[in-house]
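J.: Below are the structure tokens for one structure; questions will follow.
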Amino acid sequence: MSEVRFRDLQAAAGSSLSAAQVLDALVADAAAPVAGRPRTIGVMVSSVDGRAAVAGRSGPLGGPEDRAIFRGVRERADALLVGPATLNRERYATVLDDDQRARRRAAGRPAEPLLATITRSLALDADVPLLHEPQARVVVYGERDPVAPFADPVEVVRLRPADPAAVLADLHGRGIGLVACEGGPTLLAGLVRDRLLDELLVTVAPLLVGGSDPLTILDGPLDAGGGDPASPADPVTLRVRGLWQAADVLFLHYHLTDGRPE
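Mapping of the sequence shown onto full-length UniProt numbering: residues 1 to 262, in sequence order.
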């Protein structure tokens, strides 16, 4: 399989880059420390008409170009943050391949990034493959003990409240420096609302999905008032940090600017 190449749309000559070069620029930009919590980057995919899923799953929106970046972000992150519905629906299995694990070990890092999910009710499907993967590192944050224990390698952590701020604080205490949030849209909206998302990488797939499903990459109010239509939240301002193209796929890297650290 030929290597996926990326065109830097901010460079004068549109220079050709490898996925590794794009990832180095992306992660270097997202690596600045944040007091009291990890740096957090959202990694999402959308169709041109703004849909975040096809028949309920985001997988059909991706292709080899998207996967090259998506899996590369996973390799460079210290932890992945995934909502329970996304974990169940997308049937998470192995996070990295053998070559990626070998590179992490050679760099003195754990072979796999930690995967964290937040579910107050601990409502996870027991047959999600990742929950039975021996090499995985999974932490489930909730507000109660599970009805039945999870199999190894799952660790259950009780937090009250089990919200994104508390989870990121716990991850910070574990030495986690960079978190990649893979959604879903409800979790990502919560991070934005609580001013916990620093960077956003959106892949725009060259697809029109249509249909009546309103799901976008954000699902939920962006203000603490819960989305009162009488006093809607102000839109969150973004600053472009990177623009890349591979085939007909666009990659948009933004920094969230409303009071977050640069």
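Here a beta-carbon is modelled for each residue, glycine too, at the ideal position from N, C-alpha and C.
1) Helix, strand or coil, according to DSSP, for residue 50 in the structure here?
2) Is the number of C-beta pairs between the stretch 140-158 and the stretch 46-61 that are closer than 8 Å three or more?
3) I'd like to know if the stretch 153-169 and the stretch 11-29 are in contact, where contact means that at least 3 CB-CB pairs between them fall below 8 Å.
4) Express the C-alpha separation of residue 18 and residue 67 in angstroms, rounding to a whole number.
5) In this structure, how does DSSP classify residue 124 when only helix, strand and coil are distinguished?
6) Taking only runs that begin and end inside the stretch 34-78, name each unbroken beta strand (DSSP E) of 3 or more residues, in chain order.
7) Candidates 120, 115, 254 and 194: which alpha carbon is nearest residue 182's?
8) Given a cut-off of 9 Å on the beta-carbon distance, is the pair residue 184 and residue 89 in contact?
9) For the beta strand (DSSP E) holding residue 249, just list the boundary residues, first then last.
10) Provide the residue(s) that pair with residue 170 in DSSP beta bridges, ordered along the chain.
11) What span of residues does the alpha helix (DSSP H) with residue 98 cover, start to end?
12) Can you name, in chain order, every residue of its own chain whose Cβ lies under 6 Å from the Cβ of residue 122, other than the five neighbours on each side?
13) Is there contact here, the stretch 38-52 with the stretch 199-214, by at least three beta-carbon pairs under 8 Å?
14) Under 9 Å, do residue 10 and residue 240 count as touching if we go by C-beta distance?
T.: This is what the structure holds:
1) Locating residue 50 in the sequence shown gives position 50, where the first residue counts as 1. Note: residue 50 maps to coil in three-state DSSP.
2) no
3) no
4) Start at 1 with the first residue of the sequence shown, and residue 67 comes out as number 67. Start at 1 with the first residue of the sequence shown, and residue 18 comes out as number 18. Computed Cα separation, rounded: 13 Å.
5) Looking up residue 124 in the sequence shown gives position 124. Of the three classes helix, strand and coil, the one that applies to residue 124 here is coil, per DSSP.
6) 39-47
7) Position 182 of the sequence shown holds residue 182. The shortest C-alpha separation from residue 182 is found at 115.
8) Translated into the one-based positions of the sequence shown, residue 184 becomes position 184. Translated into the one-based positions of the sequence shown, residue 89 becomes position 89. Their beta carbons are under 9 Å apart, which means residue 184 touches residue 89 by this criterion.
9) Translated into positions along the sequence shown, residue 249 becomes position 249. Start and end: 249-256.
10) As a first step, residue 170 is located in the sequence shown; it is residue number 170 there, counting from the start. Paired residue(s): none; residue 170 is not in a bridge.
11) On the sequence shown, position 98 is the one that residue 98 refers to. Counting along the chain, the alpha helix (DSSP H) containing residue 98 begins and ends at 98-106.
12) Counting from 1 along the sequence shown, the entry for residue 122 is found at position 122. 142 and 146, listed in sequence order.
13) yes
14) Position 10 of the sequence shown holds residue 10. Position 240 of the sequence shown holds residue 240. Cβ distance < 9 Å, so residue 10 and residue 240 count as in contact.
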